[in-house]
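Going by the working numbering, the first residue of the sequence shown is number 67, and it counts up by one from there.
We put the CB at the ideal spot given by N, CA and C, even for glycine.
Report on the following structure.
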Amino acid sequence: MDILHLSRTAIHTRGGVLDELLDNLFDTAILVDADCRILYISTNSFPEAGQRAAVVGQHISVLDTVSPFETVLRTGRPQRDLLLEIHGRPCVSSLFPVVEGGDVIGVVGTITVRNLSRLKQVFSQIREQDAGFQGIYQELARAGAGYHLEDFIGSSPPVRDLLEKARKAAHSGESVLILGETGTGKEIIAGGIHTERHLGRPTPYVTINCTAIPEQLMESELFGHEKGAFTGATQTRLGKFQLAGDGDILLDEIGDMDLAMQSKLLRVLESREFERVGGREIIPLRAGVIASTNQNLLAMSERRAFRADLYYRLSTIELYLPPLRSRTEDIPELIDHLCAQKSGRLRLTPQAMDYLQRYSWPGNVRQLKNLVGRWLVFYDGEQITGQIVADELTIGQRSYNEAFGVSDPLAGLAPAAPAGTAGPPRTLAEQERAAVEGALAWAGGNRSMAARALGISRTALYQKLERFRLL
Numbered sequence: 067m068d069i070l071h072l073s074r075t076a077i078h079t080r081g082g083v084l085d086e087l088l089d090n091l092f093d094t095a096i097l098v099d100a101d102c103r104i105l106y107i108s109t110n111s112f113p114e115a116g117q118r119a120a121v122v123g124q125h126i127s128v129l130d131t132v133s134p135f136e137t138v139l140r141t142g143r144p145q146r147d148l149l150l151e152i153h154g155r156p157c158v159s160s161l162f163p164v165v166e167g168g169d170v171i172g173v174v175g176t177i178t179v180r181n182l183s184r185l186k187q188v189f190s191q192i193r194e195q196d197a198g199f200q201g202i203y204q205e206l207a208r209a210g211a212g213y214h215l216e217d218f219i220g221s222s223p224p225v226r227d228l229l230e231k232a233r234k235a236a237h238s239g240e241s242v243l244i245l246g247e248t249g250t251g252k253e254i255i256a257g258g259i260h261t262e263r264h265l266g267r268p269t270p271y272v273t274i275n276c277t278a279i280p281e282q283l284m285e286s287e288l289f290g291h292e293k294g295a296f297t298g299a300t301q302t303r304l305g306k307f308q309l310a311g312d313g314d315i316l317l318d319e320i321g322d323m324d325l326a327m328q329s330k331l332l333r334v335l336e337s338r339e340f341e342r343v344g345g346r347e348i349i350p351l352r353a354g355v356i357a358s359t360n361q362n363l364l365a366m367s368e369r370r371a372f373r374a375d376l377y378y379r380l381s382t383i384e385l386y387l388p389p390l391r392s393r394t395e396d397i398p399e400l401i402d403h404l405c406a407q408k409s410g411r412l413r414l415t416p417q418a419m420d421y422l423q424r425y426s427w428p429g430n431v432r433q434l435k436n437l438v439g440r441w442l443v444f445y446d447g448e449q450i451t452g453q454i455v456a457d458e459l460t461i462g463q464r465s466y467n468e469a470f471g472v473s474d475p476l477a478g479l480a481p482a483a484p485a486g487t488a489g490p491p492r493t494l495a496e497q498e499r500a501a502v503e504g505a506l507a508w509a510g511g512n513r514s515m516a517a518r519a520l521g522i523s524r525t526a527l528y529q530k531l532e533r534f535r536l537l
């Protein structure tokens, strides 16, 4: 399909064959007129008829980037294999002109939003001579993918406990707060909860980075605005909460949200309804809410840097992602998985693996991923020794020290003492940190349980976590 030859009457007629085709042939399909106003959107996009009615007649900008549609209307040429973002989910889209006589009277946008990681696997096996498919694969390779909980790699007790709790959280219907250091995989768990909750159905998954949106625009981004609500509001725009429909919305880095906006968010979460900026219509909130942060919200609430009532509202279900240093037994499995993603293989000596498993990993799995990628380039086919590991991590630690605030650049990297010899004793601080890490690992990240195991209060545990930079 390159060009659709239809009449103006046909594209404005609803309930006929055209609508049936758009509903059944694609995950999502959108029909716009020559002014980029939505004439029809497929039932798979918004299962609720009321949601579809809310966008019909609106400019396409309420859902998507304008420029690709305008380009097709202007040139009359299709645009294939575009990477767009619908409902916060990266997808592959193709746009086709609708022509009557010699005039372009509309555009049909067809969109694939199903699991992109599976599509990548399919397209990666296409033969090199199939250039068309290879082009799609190259675009897919640059896109983020929807996650499953199984994408969180590891079989250690903390990981097994985390995944079991995440599955239960997904089906609870409650808000979920995901806590973890930078690089621990919060986005995987959040995406996995969404997939698990909706059993893989192509439901909206809207993400909003609370650090990337200016405070003055946050309310409009979340709740939408009416035409004329403020300077520059030339048309009604749907907010993220409405676009999420019956799916989920992820509030990433919630700890950085402005206090005034936190108050408005709390009211919405408690009432399960909201209004657009400048509007009076009460809109129900049907989406599930997931929040994530690398900050200690409880400690922030005690300092009044985060609303305590919002913290307790979000943390109905709280999932703590263990840092890599607390699950070092997963490192061999993680390395194998990361190598398989790049169709490579690394050969590590036992000493090299020992060094990796005793390293502090301030950047967590993200740091390990970068290291494996570098090694696949530099040491392909060679054996990686303990000396290579020590050199790599010691040289690179200064930059991680600056980025992650690690006080001891060589922590955990000293070679193990040979058998039969006594190594230098660990300092009291090192022993205390090891005890805290061990208690957290034993408790599967449950801080109240870890505090009881250590015989200290929860507040004292948080103080130690901050002291040792384990938050």
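Beta-carbon proximity check, residue i vs residue j, cutoff 7 Å
| i | j | result |
| --- | --- | --- |
| Ile397 | Gln423 | yes |
| Glu287 | Pro389 | no |
| Asp89 | Thr109 | yes |
| Gly551 | Asp99 | It is not possible to answer for residue 551, since the shown part of the chain is limited to 67 through 537. |
| Ser426 | Lys252 | no |
| Glu498 | Ser392 | no |
| Ile96 | Val121 | no |
| Ile107 | Arg118 | yes |
| Ile219 | Glu399 | yes |
| Ile356 | Ala278 | no |
| Ala332 | Leu376 | It should be pointed out that residue 332 corresponds to Leu in this sequence rather than to Ala. Contact flag set, yes. |
| Thr250 | Asn430 | yes |
| Leu335 | Arg379 | yes |
Residue i in three-state terms, based on DSSP
| i | result |
| --- | --- |
| Arg140 | helix |
| Tyr386 | strand |
| Asn512 | coil |
| Val566 | Examination of residue 566 is not possible in this model, given that the chain is present from 67 through 537 alone. |
| Asp99 | strand |
| Arg411 | coil |
| Thr250 | coil |
| Gly298 | coil |
| Arg464 | Unreliable placement is indicated for Arg464, whose pLDDT of 48 sits below 50; the coordinate value is still reported in the next sentence. Residue state, collapsed to three classes: helix. |
| Tyr271 | strand |
| Val121 | helix |
| Arg369 | coil |
| Ile544 | Residue 544 lies beyond the residue range present for the chain, which begins at 67 and ends at 537; the question has no answer from this structure. |
| Thr394 | helix |
| Ser222 | coil |
| Arg524 | helix |
| Asp324 | coil |
| Leu88 | helix |
Buried or exposed (CB count within 10 angstroms, at least 16 for buried), residue i
| i | result |
| --- | --- |
| Ala517 | buried |
| Ala562 | Here the chain covers residues 67 to 537 and nothing more, so residue 562 does not appear. |
| Arg342 | buried |
| Asn275 | exposed |
| His260 | buried |
| Val272 | buried |
| His291 | buried |
| Asp101 | exposed |
| Pro270 | buried |
| Ala495 | exposed |
| Phe340 | buried |
| Phe444 | exposed |
| Gly305 | buried |
| Leu228 | buried |
| Ile315 | buried |
| Ile69 | exposed |
Minimum Cβ-Cβ distance from residue i to chain D less than 7 Å
| i | result |
| --- | --- |
| Gly298 | The structure shown contains no chain D; it holds only a single protein chain. |
Counterpart residues of residue i in DSSP-defined beta bridges
| i | result |
| --- | --- |
| Arg535 | According to DSSP, which records beta bridges pairwise, Arg535 is partnered with nothing at all. |
| Leu161 | Gln145, Gly175 |
| Glu166 | Asp169 |
| Phe340 | Ile349 |
| Arg333 | In DSSP, Arg333 forms no bridge with anything. |
| Ile450 | Leu414 |
| Gly354 | Asp314 |
| Ile104 | Val98 |
| Gly290 | Leu304 |
| Leu70 | Val164 |
| Thr359 | Leu245 |
Check: residue i C-beta below 6 Å from any heavy atom of the ligand FAD
| i | result |
| --- | --- |
| Thr460 | You won't find the ligand FAD in this model; it holds no ligand whatsoever. |
Note to self: With three or more beta-carbon pairs closer than 8 Å as the criterion, would you say the stretch 361–371 touches the stretch 299–311?
What the structure shows: no
Next item on the list: Determine contact between the stretch 232–248 and the stretch 276–296, defined as no fewer than three beta-carbon pairs at a distance below 8 Å.
Entry: no
Notebook entry, point to check: Does the stretch 396–411 come close enough to the stretch 261–281 to have 3 or more Cβ pairs within less than 8 Å?
Noted result: no
Notebook entry, point to check: Taking one C-beta from the stretch 370–385 and one from the stretch 323–331 each time, how about it: are there three or more such pairs within less than 8 Å?
Noted result: yes
Notebook entry, point to check: How do the stretch 129–147 and the stretch 158–173 stand: do at least 3 beta-carbon pairs fall below 8 Å, yes or no?
Noted result: yes
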